[in-house]
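Residue numbers (full-length UniProt numbering), protein chains in the order written: chain D, 1 to 60; chain Z, 1 to 470.
What follows is a short report on a single structure.
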């Protein structure tokens, strides 16, 4: 999950446009939408992710 | 907090009673909430303010309150001595953030959410946070994965904690001058280019600022309802959001051992063990004889005397201008279950009234006047007289406004090492401050009940009683 989020960060690092007026609250909203989308997709793999983390924990 | 922003209802302060009116269209929702086992559990644990239904439907509404057909009337337990985030150390803001997220997460399975997320929804009963805004709960669209209050949570909890930790900006400077926390854009401008890329700031500050241009392009379309394909998926996304925010506030609010001029005061100050013991004895004897119910400890420092009072059953409000010692006292009071509310307040510049009409959060003095039956001012006089240039007479008259009965105050002589440290060689200016002058000033408002020399550089402890008891 950290990897996916890091990739998402990197994609968004360089904004294409800059605006004189911007509402920072809307930026927080858009960021929440982006993260929610990623987490929403992860929902379908949650069982797989659970097995994955359990496997590694056992390994440790 | 005199709340009026929520369109679902209204608060009425009727003397000691606190009545919440919920308008008819929302009444069934909140009636069901108040009667639910979920809310019962949270009110029993003290995490949500105790609430009972006093009148509903066509039932008799409390007199003097204009009621609409079908309005619901609730009575809330009153949290004594309300305090506001400008007066909290970081630890208390973190505790309020934790409680907000806990309540939000536990609401998920009830099909509820929080419509707002601000520290003003939380008060402290002694050291324990209490969620007070019942109307913040709302039924949620079960497939909506977005928490609209997230931006407010970030502005009012996460960013103030981050800024207080990393830029050492006191919380009071954020909350006294801004109604709704600090914006990511403002924090972004405070950070250097390197810091903007640190993980702590990237997700909550830099990315939202970089994205705000894109967000503007999208305009209102961004706020259109979004729906997941199942209820469980929406819950999964929201739970993950609450937990991520929880981890972020824990990291931002983590307080290492802060060392300021005052954190070690009890160990390094001029008091030797014996005379400190005499001072404690004097205070204990007063507490045992007079049994004050509500004590204000001004300049409480590590809170030694607040603890003595709380251990004897008093409800204590302990104030000091040093956030580090107040944070430490809060942790100790919570751990030891003592009824102490520690607040970052400078008695010489107390918290002003704030908000619309200056009536949303009353000033510290408005909350204090006539509320306490004993006030402690120990090792404080020289700070007010020298540090803040307040004449002695004014100190006594303000103390007489705050206490209804007793004042325990310590006289500090001008040749006391601590006094001289503050007066920086201007000793001549303060020669007039003899014990006789001190007593003369005290007698305008108070009667001297007893006094005791502490055997420490001419310091004298006084127990005073108001001349005109209220």
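Heads up, the beta-carbon is just placed ideally off N, CA and C, and yes, glycines get one too.
All values reported here derive from a predicted model rather than from experimental measurement.
query                                                                                                                 : result
Residue nearest to residue 376(Z) in terms of C-alpha spacing, selected from 305(Z), 444(Z), 386(Z) and 424(Z)        : 305(Z)
Assigned secondary structure, residue 50(D) (DSSP; H/G/I helix, E/B strand, else coil)                                : helix
Residue 14(Z), DSSP secondary structure in three states                                                               : strand
Residue 443(Z): CB within 7 Å of a non-hydrogen atom of the ligand FAD                                                : The model on display carries no ligand, and the ligand FAD is accordingly not part of it.
Span separating the alpha-carbon of residue 153(Z) from that of residue 447(Z)                                        : 50 Å
Buried/exposed call for residue 309(Z), threshold 16 Cβ in 10 Å                                                       : buried
Short CB-CB distance (under 8 Å) between residue 146(Z) and chain D                                                   : yes
Residue-chain proximity (residue 52(D), chain Z), Cβ-Cβ < 8 Å                                                         : no
Buried versus exposed call for residue 183(Z) [16 or more other C-beta atoms within 10 Å across all chains shown]     : buried
Presumed contact (8 Å Cβ cut-off) between residue 462(Z) and residue 409(Z), rounded CB distance                      : 5 Å
8 Å Cβ cutoff, residue 460(Z) in contact with chain D                                                                 : no
Residue 39(D) - DSSP class collapsed to helix/strand/coil                                                             : helix
Under 7 Å by beta carbon: chain D residues contacting residue 233(Z)                                                  : 40 and 43
Pair within 8 Å by beta-carbon distance, residue 503(Z) and residue 94(Z)                                             : For residue 503(Z) there is no data in the structure shown, the boundaries of chain Z being 1 and 470.
Chain D within 8 Å of residue 228(Z), Cβ atoms only                                                                   : yes
Contact check, residue 453(Z) vs residue 405(Z), beta carbons under 8 Å                                               : no
DSSP state of residue 362(Z) mapped onto helix, strand, coil                                                          : coil
Endpoints, the alpha helix (DSSP H) within which residue 419(Z) is located                                            : 417-423
Interface partners of residue 237(Z) on chain D, CB under 8 Å                                                         : 36, 39, 40 and 43
The alpha helix (DSSP H) enclosing residue 190(Z), as first and last residue numbers                                  : 184-190
Under the three-state DSSP convention, the category residue 326(Z) falls into                                         : helix
CB contact below 8 Å: residue 394(Z) versus chain D                                                                   : no
Residues of the stretch 206-222 of chain Z with Cβ closer than 8 Å to any Cβ of chain C, in chain order               : In summary, chain C is missing from the structure at hand, where the protein chains are D and Z.
Check whether residue 145(Z) and residue 40(D) have beta carbons under 8 Å apart                                      : yes
Interface flag, residue 151(Z) vs chain D, CB-CB below 8 Å                                                            : yes
Neighbour flag for residue 49(D) against chain Z, beta carbons, 8 Å                                                   : no
Beta-carbon neighbours of residue 240(Z), restricted to chain D and to distances below 7 Å                            : 39
Simplified DSSP assignment, three categories, for residue 54(Z)                                                       : strand
Outcome for residue 256(Z) when other beta-carbon atoms lying within 10 angstroms are tallied against a minimum of 16 : exposed
Best match in 119(Z), 204(Z) and 342(Z) for proximity to residue 179(Z) [C-alpha to C-alpha]                          : 119(Z)
Where residue 113(Z) sits in the DSSP three-state scheme                                                              : strand
Residue 16(Z) and residue 78(Z) closer than 8 Å at C-beta                                                             : yes
Nearest candidate by alpha-carbon position, reference residue 456(Z), set 445(Z), 433(Z), 419(Z) and 29(Z)            : 419(Z)
Close beta carbons around residue 471(Z), own chain, < 6 Å, minus the five adjacent residues each side                : With chain Z covering only 1 through 470, there is no way to say anything about residue 471(Z).
Residue 446(Z), DSSP secondary structure in three states                                                              : strand
Residues sharing a beta bridge with residue 9(Z), DSSP                                                                : 22(Z)
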